Structures are given as C-alpha cells and as structure tokens.
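For reference, the structure discussed in these notes is given below.
Numbering (my numbering), first residue to last: 25 to 148.
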C-alpha cells in the first residue's frame, strides 16, 4: 500500500510540474489605467519554444493570435510586435522579474491604437 501511495504521489507531482512551462508559458494578465483614466485589462496566453514566443492576445471572438514574439535570455527582455484583427500595430517591450518563481512578472510598455501604457503582466 505504501508503494502504491508513493507511486501515485510521484505521478501527481510529475504531472503538476509538467503543466506549466518556463519562463513565458501560461496565462498572463495586466490591469492598467490609461492616461485618459480608462481601465485596461489585457490577457496574454503564451508559449515559448526556446526560440520564439507564440500565443493569443485577449482570447475570445476578437482575440489576436501571434507568432514571432522574442525573448532574449540576456536580461530576460520580451518583445512583441503584431497586428491586431484590424491590421493595427501592437507592440510590447518588457522585462521578466521574479524569474524562477510562480508569481513572475513581465513589466514594460504596451502600445496599441489606444495609446501607450505602463503594463505589468502577472503570471496566473
């Protein structure tokens, strides 16, 4: 019985560790206030394959899929240049902090048709 329990515990631990990649994989959320006082929520779902970052901005019917985001491990700089569904540019430049922790953060400048804001994406 102890062997079965130990095997089950090991299997669960292995699966739970494999669920979330590193360092950008997963869901990230930014809650910001624009210069005009409006509230901005931006959600990113991202995957990093070791070379490029892919994912979706604000998943749902009006979401924007992207490829070609870059992560520079020297300084952990993340850059995203994409076009939204209407062809408008979206750019984000940020830096990962709390690296190695679950509650890591990517903070930087987000620019789109609504303007430029300071965005702090928190890993969910």
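C-beta: ideal position from N, C-alpha, C; glycine also.
Since the model is a prediction, treat every value here as computed from it, not as a measurement.
Counterpart residues of residue 116 in DSSP-defined beta bridges: Within the chain shown, the letter at position 92 stands for residue 116. According to DSSP, which records beta bridges pairwise, residue 116 is partnered with 104, 134.
Straight-line gap, residue 134 to residue 126 (C-alpha atoms, nearest Å): As a first step, residue 134 must be located in the chain shown, where it is residue number 110. As a first step, residue 126 must be located in the chain shown, where it is residue number 102. So the alpha carbons of these two residues sit roughly 23 Å apart.
Neighbour-count burial assignment, residue 54, 16 or more Cβ in a 10 Å radius: As a first step, residue 54 must be located in the chain shown, where it is residue number 30. It is buried - the Cβ of residue 54 has at least 16 other Cβ atoms within 10 Å.
Contact set for residue 138: own chain, Cβ-Cβ below 6 Å, skip 5 residues either direction: Numbered from its first residue, the chain shown carries residue 138 at position 114. In the same chain as residue 138, and ignoring 5 residues on each side of it, no C-beta atom comes closer than 6 Å to its own.
Separation of residue 124 from residue 47, as counted between CA atoms: For this step, residue 47 is matched to residue 23 along the chain shown. For this step, residue 124 is matched to residue 100 along the chain shown. Rounded to whole angstroms, residue 47 to residue 124 spans 8 Å at the Cα level.
Unbroken beta strand (DSSP E) run spanning residue 54, endpoints: Residue mapping note: residue 54 aligns to position 30 of the chain shown, counting from 1. Annotation for residue 54: the continuous beta strand (DSSP E) segment containing it runs 50-57.
Cβ-based neighbour list, residue 105, same chain, cut-off 6 Å, excluding 5 preceding and 5 following: As a position in the chain shown, residue 105 is number 81, starting the count at 1. Around residue 105: 115.
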